[in-house]
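Numbering (the UniProt record's numbering), first residue to last: 1 to 257. C-beta: ideal position from N, C-alpha, C; glycine also.
Structure below.
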């Protein structure tokens, strides 16, 4: 457990909790603690789904601008690798990941949410990539993950203007997947995460890798990634259990092996 980032596990669901008052600014220490938390939940065989949560008030207002303000090109050339590695560690968690978004998810906070598989937002949540207003651009995946999620034109609108998107618009453009009353955000994320508990965890990891890696490849390469993942699952106990249960018209009890 880090100073600002903790991991809590209950009922095979891990919650990565950000807690750096007041706005969960993602400074260098928080970034390193997020990497450790992501690796911990990815490696834990008891964890079958993950929630990223910033608390009832705010998800994350972004990377710590005060920390960056006096950095030189040389400084940021080095630090930007650490910054991207933090978010990549979250994106590479081989389990379903849900971002539970309250309040602001701006800049690095929005980029962190983009690393999740699904996003649940409160009705008053605001998302955006306001880096352009600082004379810079998103540096933790915003220019890459955002257009892959919502399309290049909508992504350029948000990145070029730096404007904040309210929850209703975020839902309409596909930036978030569900909008619920603010006080129900974490509960809704928990309920969604619970649907993956008891599922075929090896197949879920394979499906996530096939989709994510395929998005970065041409169609033929993506199909080969799918074929190899698909074929490999026939070496697992879960595939035998699942198909046997289907034939016998019984409920599959997957083992994660």
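For residue 8, the uninterrupted beta strand (DSSP E) segment begins and ends at 5-10. Residue 199 has its alpha-carbon roughly 11 Å from the corresponding atom of residue 251.
With a cutoff of 7 Å on beta-carbon distance, residue 121 and residue 50 are scored as not near each other. With a threshold of 16 other beta carbon atoms within 10 Å, residue 131 meets it and is buried. Scanning the region 91-120 from its first residue to its last, the whole alpha helix (DSSP H) runs of 4-plus residues come out as 108-114. Taking C-beta separations shorter than 8 Å and ignoring five residues to either side along the sequence, the partners of residue 46 in its chain run 9, 12, following chain order. Put simply, the backbone Cα of residue 158 is about 32 Å away from that of residue 225. The C-alpha of residue 197 lies about 10 Å from the C-alpha of residue 191. Taking the Cα positions, residue 203 is about 44 Å away from residue 69. Residue pairing from DSSP places residue 126 in a beta bridge opposite 104, 166. Going by beta carbons, residue 60 and residue 54 fall inside the 7 Å limit.
Contact check for residue 168 against residue 87 fails: the beta carbons are separated by 7 Å or more. Counting C-beta pairs closer than 8 Å gives fewer than three between the region 68-84 and the region 17-24, which falls short of the contact rule. Runs of the alpha helix (DSSP H) spanning 4 or more residues and lying entirely within the region 22-46 occur at 28-43, in chain order.
DSSP places residue 132 in no alpha helix (DSSP H); its state is neither H nor E. Between the alpha carbons of residue 173 and residue 154 lies a gap of roughly 8 Å. Taking a cut-off of 8 Å for Cβ pairs, the region 205-215 and the region 228-241 touch, as three or more such pairs fall below it. A straight line joining the alpha-carbon of residue 34 with that of residue 5 spans about 6 Å. For residue 221, the enclosing alpha helix (DSSP H) starts and ends at 219-232.
Within the same chain, and ignoring the five residues on either side of residue 80 in sequence, the residues whose Cβ sits closer than 6 Å to its Cβ are 139.
Among the bridge pairs identified by DSSP, residue 180 is matched with 122. Excluding five sequence positions before and after residue 2, the CB atoms of its chain that fall closer than 6 Å to its own CB belong to 33, given in chain order.
Relative to the Cα of residue 114, the nearest Cα in the group 123, 92, 65, 253 belongs to 92. Here residue 67 has 27, 28 as same chain residues with Cβ atoms under 7 Å from its own Cβ, once five neighbours each way along the sequence are excluded. Selection 64, 127, 123 evaluated against residue 106 yields 127 as nearest (Cα-Cα). Per DSSP, residue 175 lies in no alpha helix (DSSP H) segment and is marked neither H nor E.
Taking 7 Å as the cut-off, the Cβ atoms of residue 63 and residue 108 count as close. Taking the Cα of residue 215 as reference, the smallest distance to any Cα among 43, 145, 7, 175 is reached at 145.
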